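Just so you know, the sequences run in chain order X and U.
Residue numbers for the first sequence follow full-length UniProt numbering, beginning at 1 and rising by one.
Residue numbers for the second sequence follow full-length UniProt numbering, beginning at 1 and rising by one.
The beta-carbon is built from N, C-alpha and C at its ideal position, and this holds for glycine as well.
In this text, all values refer to a predicted model and were calculated from it rather than measured experimentally.
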Amino acid sequence: MTVSRLRSAGAPDPDEFGRLDRLLDDDPADLYENAPMGYLSAVPDGRIVKVNRTFCGWIGRSADEVLGVRFQDLLSMGGRVYYETHLVPLLRMQGAVREIALDLVRADGTALACLANAVELRDDDGAPLLIRATLFEATARRRYERELLAAQQVAEESELRSLTLQQVVSDLAAAVSVEDVASVIVERSCEALLARGAALVLVEADPHDPEALPDLRPVRAEGLPENLLQELRDAAGSRLAVELTRGVRSIALTEQLRADQPSLSAALAAAALSELVIVPVTADGRGLGVLVLALGNAQGDLISLDEPGGSRELTTADVNLLWTIGRQAGQAVERARLHEQTARQAGRAAFLLEAARLLAEAADVTETADRLAGLVVTRLADLCVVDLDTEEGLIRPAVRHRDPARARVVDELRSRHLPRRSARHPSARALLSGGTEWVRTVDDEFLRAVAVDDEHLEAARALDLAAVVAVPLTAEGRHLGVLTVATDRERGPFTVADVEVVEQLALQLGLVVARAQRFDLAVRTSHALQDNLLPPAPPALEGLGIAVRYLAATRGVDVGGDFYDVIRMPGGEIGLAVGDVVGHDITAAATMGQLRSVYRALLADGPAPGAVIERLQTGWPLLGLQRMATALFATLDPASGRLRIASAGHPPPVLLVGGEASFLPVPPSRMLGAPPSVADEWIGVLPEGASLVLFTDGLVESRSADIDEGFALLLAAVASAGTSDPGALCDHLLAELTGPHRADDIALLVLTRV
Amino acid sequence: MTPWSGRGAQTRPASSLRVQRVGNVLQRNCVRLGGTPDGRPMMFAHGFGCDQEMWRFVVPAFEDDHRIVLFDHVGAGHSDLSAYDHAAYDSLRRYADDVVEICRELDLRDVVFVGHSVSAMIGVLALQSAPEHFGALVMIGPSPRYVDDGDYTGGFSRTDIAGLLDALDANHLGWSAQMAPVIMGVPDHPERAAELTNSFCRTDPDITRHFARVTFLSDNRADLAGVDVPTLVLQCSEDVIALEVVGRYVHEHIPGSTFTQLAATGHCPHLSAPEETAAAIRAFLPG
Numbered sequence: 001m002t003v004s005r006l007r008s009a010g011a012p013d014p015d016e017f018g019r020l021d022r023l024l025d026d027d028p029a030d031l032y033e034n035a036p037m038g039y040l041s042a043v044p045d046g047r048i049v050k051v052n053r054t055f056c057g058w059i060g061r062s063a064d065e066v067l068g069v070r071f072q073d074l075l076s077m078g079g080r081v082y083y084e085t086h087l088v089p090l091l092r093m094q095g096a097v098r099e100i101a102l103d104l105v106r107a108d109g110t111a112l113a114c115l116a117n118a119v120e121l122r123d124d125d126g127a128p129l130l131i132r133a134t135l136f137e138a139t140a141r142r143r144y145e146r147e148l149l150a151a152q153q154v155a156e157e158s159e160l161r162s163l164t165l166q167q168v169v170s171d172l173a174a175a176v177s178v179e180d181v182a183s184v185i186v187e188r189s190c191e192a193l194l195a196r197g198a199a200l201v202l203v204e205a206d207p208h209d210p211e212a213l214p215d216l217r218p219v220r221a222e223g224l225p226e227n228l229l230q231e232l233r234d235a236a237g238s239r240l241a242v243e244l245t246r247g248v249r250s251i252a253l254t255e256q257l258r259a260d261q262p263s264l265s266a267a268l269a270a271a272a273l274s275e276l277v278i279v280p281v282t283a284d285g286r287g288l289g290v291l292v293l294a295l296g297n298a299q300g301d302l303i304s305l306d307e308p309g310g311s312r313e314l315t316t317a318d319v320n321l322l323w324t325i326g327r328q329a330g331q332a333v334e335r336a337r338l339h340e341q342t343a344r345q346a347g348r349a350a351f352l353l354e355a356a357r358l359l360a361e362a363a364d365v366t367e368t369a370d371r372l373a374g375l376v377v378t379r380l381a382d383l384c385v386v387d388l389d390t391e392e393g394l395i396r397p398a399v400r401h402r403d404p405a406r407a408r409v410v411d412e413l414r415s416r417h418l419p420r421r422s423a424r425h426p427s428a429r430a431l432l433s434g435g436t437e438w439v440r441t442v443d444d445e446f447l448r449a450v451a452v453d454d455e456h457l458e459a460a461r462a463l464d465l466a467a468v469v470a471v472p473l474t475a476e477g478r479h480l481g482v483l484t485v486a487t488d489r490e491r492g493p494f495t496v497a498d499v500e501v502v503e504q505l506a507l508q509l510g511l512v513v514a515r516a517q518r519f520d521l522a523v524r525t526s527h528a529l530q531d532n533l534l535p536p537a538p539p540a541l542e543g544l545g546i547a548v549r550y551l552a553a554t555r556g557v558d559v560g561g562d563f564y565d566v567i568r569m570p571g572g573e574i575g576l577a578v579g580d581v582v583g584h585d586i587t588a589a590a591t592m593g594q595l596r597s598v599y600r601a602l603l604a605d606g607p608a609p610g611a612v613i614e615r616l617q618t619g620w621p622l623l624g625l626q627r628m629a630t631a632l633f634a635t636l637d638p639a640s641g642r643l644r645i646a647s648a649g650h651p652p653p654v655l656l657v658g659g660e661a662s663f664l665p666v667p668p669s670r671m672l673g674a675p676p677s678v679a680d681e682w683i684g685v686l687p688e689g690a691s692l693v694l695f696t697d698g699l700v701e702s703r704s705a706d707i708d709e710g711f712a713l714l715l716a717a718v719a720s721a722g723t724s725d726p727g728a729l730c731d732h733l734l735a736e737l738t739g740p741h742r743a744d745d746i747a748l749l750v751l752t753r754v
Numbered sequence: 001m002t003p004w005s006g007r008g009a010q011t012r013p014a015s016s017l018r019v020q021r022v023g024n025v026l027q028r029n030c031v032r033l034g035g036t037p038d039g040r041p042m043m044f045a046h047g048f049g050c051d052q053e054m055w056r057f058v059v060p061a062f063e064d065d066h067r068i069v070l071f072d073h074v075g076a077g078h079s080d081l082s083a084y085d086h087a088a089y090d091s092l093r094r095y096a097d098d099v100v101e102i103c104r105e106l107d108l109r110d111v112v113f114v115g116h117s118v119s120a121m122i123g124v125l126a127l128q129s130a131p132e133h134f135g136a137l138v139m140i141g142p143s144p145r146y147v148d149d150g151d152y153t154g155g156f157s158r159t160d161i162a163g164l165l166d167a168l169d170a171n172h173l174g175w176s177a178q179m180a181p182v183i184m185g186v187p188d189h190p191e192r193a194a195e196l197t198n199s200f201c202r203t204d205p206d207i208t209r210h211f212a213r214v215t216f217l218s219d220n221r222a223d224l225a226g227v228d229v230p231t232l233v234l235q236c237s238e239d240v241i242a243l244e245v246v247g248r249y250v251h252e253h254i255p256g257s258t259f260t261q262l263a264a265t266g267h268c269p270h271l272s273a274p275e276e277t278a279a280a281i282r283a284f285l286p287g
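Written as structure tokens, this is what we have:
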């Protein structure tokens with residue numbers, strides 16, 4: 001730059017140029033000393049041999065203090081290493097370097113950021129002679145660069161964080177179970193924080209005991225020693241609920257921690273961990289658990305840059321990321337739990353349906369209990385025992401174990417050791433209390449208390465039980481027995497839902513037992529009644545052959561409402577009766593018994609058959625009989641064959657004369673139990689050799705649903721019998737007209753006048 | 001220009017050297033061979049911050065009677081950067097494995113391994129895993145551990161290392177940002193202005209930073225005792241990176257080793273005092 005060029009630019013005042021000239025003609029030495037940059041020259045080993053005032057001013061030392069000092073000794077430690085590893089080699093190899101960032105250390109110890117350019121002067125052989133360097137104060141620029149760098153790092157970290165979050169969200173979308181969720185969270189958060197290990201720990205409160213400390217369950221743990229989580233839980237202690245509501249925080253292995261939590265500190269130190277980061281796992285503000293991240297002292301074999309005992313601060317961005325991951329995890333856990341709950345409910349519903357089907361098919365209580373126990377040990381428990389309280393005492397119709405190898409122990413339990421002997425046995429307690437007994441944790445103390453002797457104790461120990469549930473079988477307010485199920489340690493404890501299923505099963509089984517017991521009672525009662533109510537064998541009567549058959553319906557109780565009667569009346573006539581009380585149960589049988597007694601009582605006056613019907617109809621309300629009935633009443637004079645028959649809504653008898661069968665046209669009147677009416681009689685003579693067949697409708701309805709067709713079959717069967725022998729005729733008719741199964745009772749009476 | 005300034009495909013190499021890039025290993029580490037093919041193999045390993053170029057002043061002293069093997073560590077110089085993997089190269093052992101692979105590929109025996117700075121320890125580890133290749137070890141400015149540890153003086157605090165990593169960041173930003181070189185010309189050689197950018201020893205900033213961590217945060221003190229070949233420890237004067245006390249520690253812990261104190265100052269005697277360095281090595285080698 002020259003003055004003449006400035007002049008040609010047309011500046012107006014010549015004096016201005018004079019001053020400028022004087023300034024520009026300034027002493028070159030002054031320019032060197034006070035230039036707006038630092039100048040220095042050094043010999044090849046770095047010792048400074050010339051330096052300008054600007055440089056000295058920057059670093060707060062006089063030129064005398066600087067000369068002879070090695071340039072690298074004026075640098076920060078990082079700068080010195082950089083000088084040795086980069087600047088020196090570059091100068092030697094390419095003769096110059098530019099824009100090397102270095103920090104000078106001022107006399108007061110503060111750093112001054114500089115950019116250095118340097119050239120190496122060499123002799124003719126290429127050997128280094130001198131280093132000339134210029135330094136620019138670059139505080140602002142370095143600040144700018146640092147900001148750029150920081151921004152770049154922030155951007156990279158931000159990108160990394162959003163990538164991590166994206167991966168977490170997309171992985172969680174595919175997670176079905178809580179275990180899946182835990183796996184995603186542990187893996188991804190480990191990656192994001194370069195953690196040595198991580199664990200997802202969920203709180204599991206005891207729904208039956210809200211006062212109890214909630215349990216912590218590590219769903220998935222990677223790279224964490226087993227004892228560490230337990231130490232953490234112990235450290236949280238009774239403040240666990242409070243701890244769970246806190247935000248992301250760090251537990252560093254400091255002297256303070258060593259003093260406050262020695263065992264936790266020892267566990268951390270043993271695992272070479274320096275810090276735990278606790279991240280709350282929440283859903284809709286509810287704390288579900290925590291994500292624990294373990295940070296180590298160093299990566300791989302390298303020495304940690306962290307001072308021993310120190311801890312690095314989590315950045316706000318890290319904290320925010322972890323907080324978000326915690327919430328994502330919480331929502332995913334909730335979703336997975338809902339899913340699992342739905343699946344479990346569906347499973348339970350299917351199980352209960354299967355059990356209900358099995359119980360509905362119940363034929364025999366012992367078989368039913370055994371099959372139910374078999375079902376229980378495939379799905380719900382490892383051991384299932386059914387005890388029933390009967391008139392003969394406690395019986396044990398079913399003992400099943402999942403593992404056939406334990407059959408011997410189970411057989412022992414079946415044959416001995418019935419629970420009533422021990423008042424502490426959950427089965428006995430359930431039977432006594434009428435409520436569910438749930439032993440959540442089986443320990444040896446429990447077994448000793450329950451066992452009746454050493455053998456029993458050994459058998460119980462061999463089952464390795466974990467939990468027991470006993471539910472009484474209750475119906476109609478009575479405790480009929482007890483259903484006892486147990487798990488072993490492999491399967492683990494029962495859940496509340498499991499116990500509810502057992503209660504459902506016990507309810508259903510109780511109903512089956514009650515029904516069976518009622519049925520049993522009815523059967524025994526019916527047999528007793530039948531023995532008493534059915535008429536005795538007919539008397540032998542001169543001039544008459546009589547045979548009777550009584551067949552109860554094959555379903556239900558072995559006695560019904562059909563009856564017959566043959567009796568010699570005071571006047572020498574024979575009284576005959578066949579009737580059918582509506583229904584086939586105890587009431588029908590009882591009604592039949594009463595009806596037959598009343599009928600016999602009436603016979604004392606020797607009334608005509610029509611009068612019998614009229615009297616019964618009139619007296620029916622007074623008798624208090626609950627069922628209606630149909631009946632045929634007849635009187636027969638054995639000597640003359642004179643026959644009188646009246647029908648109260650009953651099918652007419654069949655007359656067999658000379659191989660021809662026909663219905664006797666008895667005029668029907670109303671059924672017994674209907675309002676009284678006049679009962680007409682058929683009056684005639686039964687020829688010698690003729691047979692009269694009296695029957696109830698079970699005989700004609702057995703083979704055909706159509707009653708007319710049934711009557712036709714009956715006539716044909718009577719006609720085709722080819723015999724008038726009463727017994728043979730009875731057997732022939734039954735053979736022709738009935739099968740092995742009968743829906744109704746059959747009473748059959750055949751009388752032949754010989 | 002010295003013969004060694006030509007690089008790979010950019011410039012033809014000097015006549016005395018044949019560029020051989022045979023096989024993946026040799027290509028990966030940009031292995032270059034020279035000297036006397038029948039001579040005793042002499043392998044030069046550069047330290048942190050530069051590449052094989054830094055041996056250019058020393059190598060000529062051995063070309064006449066040694067087979068010269070030069071290479072760049074993966075991540076440095078003209079090595080194959082795609083072969084670099086942060087996870088794999090997070091320990092000096094991986095660098096040592098590379099050295100062994102080169103020896104195996106070239107079927108080298110009785111190698112004189114000359115390692116500068118961190119490569120001195122890489123040589124110790126390579127010798128440990130494949131002793132069959134090595135005959136002698138020359139350690140220039142070695143340090144088995146830079147960070148002080150109790151009674152052991154390495155010369156650096158953790159804060160110092162953090163400062164170094166910071167300095168690396170500061171410089172790499174400047175380089176990568178391609179700041180315009182407008183501040184000053186080159187008075188002596190204006191025609192070489194184009195070369196004034198720091199064209200040597202350029203590496204990817206991430207790799208440099210990672211290599212710095214591995215270099216300055218390793219602890220290989222326990223490996224020294226296993227060295228059982230003739231070993232020379234070359235100690236510079238006033239070396240802030242490898243203190244004399246550290247050099248003495250290395251000497252004391254390698255049984256039968258030779259300790260030579262150089263007059264040369266700084267950390268790179270092969271650059272600042274190549275003749276003295278070469279002479280010290282020559283004096284150590286037999287014959």
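Contacts between U:Glu53 and chain X, judged by CB atoms closer than 7 Å, involve Met93 in chain order. Between U:Gly155 and X:Gly46, the C-beta spacing is not below 8 Å. Put simply, the backbone Cα of U:Arg56 is about 12 Å away from that of U:Cys50. The shortest C-alpha to C-alpha distance from X:Thr587 to any of X:Ala269, X:Val184, X:Asp464 and X:Gly624 is the one to X:Gly624.
In this structure, the alpha-carbon of X:Glu458 lies about 22 Å from that of X:Ile395.
At a C-beta separation below 7 Å, U:Thr153 has no neighbours in chain X, since its nearest C-beta there lies roughly 14 Å away. For X:Ala267, the closest C-alpha among the options X:Glu226, X:Leu302 and X:Leu358 is that of X:Glu226. Within a 10 Å sphere around the beta-carbon of X:Val685 sit fewer than 16 other beta-carbons, which makes this residue exposed.
Runs of the beta strand (DSSP E) lying entirely within the stretch 676 to 731 of chain X and spanning at least 3 residues, in chain order: 681 to 685 and 691 to 695. Within chain X, not a single residue places a beta-carbon under 7 Å from that of U:Ala278; the smallest gap is close to 14 Å. Taking one beta carbon from each stretch, the stretch 607 to 627 of chain X and the stretch 671 to 684 of chain X have 3 or more pairs nearer than 8 Å; the two touch. Note on X:Gln345: under 16 other CB atoms within 10 angstroms of its CB, so exposed under the neighbour-count rule. Looking at X:Ala381, X:Arg348 and X:Val399, the one whose alpha-carbon comes closest to that of X:Thr368 is X:Val399. According to the DSSP assignment, U:Glu101 belongs to the alpha helix (DSSP H) that extends over Leu92 to Leu106. Close to chain X, meaning a Cβ-Cβ distance shorter than 7 Å, are the following residues of the stretch 122 to 148 of chain U: Val147.
A straight-line Cα-Cα distance of about 16 Å links X:Asp125 and U:Ala61. Residues of chain U with a Cβ closer than 7 Å to the Cβ of X:Arg491 do not exist, since the nearest Cβ in that chain sits about 42 Å away. Annotation: U:Ala61 has no Cβ neighbours in chain X at a cutoff of 9 Å; minimum Cβ distance is about 15 Å. In the DSSP assignment, X:Trp620 falls within the alpha helix (DSSP H) that extends over Pro609 to Leu623. Collapsing the DSSP output to three states places X:Asn320 in a helix.
Taken in chain order, the unbroken stretches of beta strand (DSSP E) that lie wholly in the stretch 235 to 297 of chain X and span 3 residues or more are 249 to 252, 273 to 283 and 286 to 296. Close partners of U:Ile241 in chain X (Cβ separation under 9 Å): Arg80, Val81, Glu84 and Thr85.
By alpha-carbon distance to U:Asp90, the top candidate from U:Phe259, U:Ser218 and U:Gln52 is U:Ser218.
For the stretch 142 to 156 of chain X, the beta-carbon criterion of a distance under 7 Å to any beta-carbon of chain U is satisfied by Arg142, Glu145, Leu148 and Leu149.
For X:Val442, the three-state secondary structure derived from DSSP is coil. No Cβ of chain U is located within less than 8 Å of the beta carbon of X:Gln166.
Excluding its 5 nearest sequence neighbours in each direction, X:Arg327 has C-beta neighbours in its own chain below 6 Å: Thr282, listed in chain order.
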